[in-house]
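Numbering (UniProt numbering), first residue to last: 1 to 145.
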């Protein structure tokens, strides 16, 4: 036969007055926490906008590259037209192939630049706005308790 021993009863001491904070202390802590939260949100917004700025810069650079290659392509097209009129068929055919290749490169660069610009707009810190909305909802929820 087994015997069961009685388990000792745990008592939870009543918190002393030292564990309680005054209203002023609680307000001070809340103010400090809110201030820290605002600083962190501002820092997040700065980082997010900087990233969007870098993307816009890359997109603009790619579009500039596309414009430069397209300009060279137009010059090659002009050379092709001249070669077609002045010389026999094989010369202008070669120039036309080069021109087509340059326009192909310009098209690819243009599409890449456009994609980068689309990713950078709108220039608002979306993650930060979502985070701030969540913080406001949390504060409202705790205020109603």
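We put the CB at the ideal spot given by N, CA and C, even for glycine.
By alpha-carbon positions, which one of the options ends up nearest to residue i?
i	options	result
residue 71	56, 102 and 58	102
residue 67	130, 27 and 108	108
residue 139	30, 22 and 25	30
residue 112	35, 74 and 63	63
residue 39	141, 57 and 132	132
residue 129	20, 73 and 48	48
residue 61	110, 136 and 141	110
residue 74	134, 50, 57 and 100	100
Check whether the Cβ atoms of residue i and residue j lie closer than 8 Å to each other.
i	j	result
residue 59	residue 116	yes
residue 45	residue 125	yes
residue 55	residue 119	yes
residue 83	residue 95	yes
residue 98	residue 78	no
residue 135	residue 26	no
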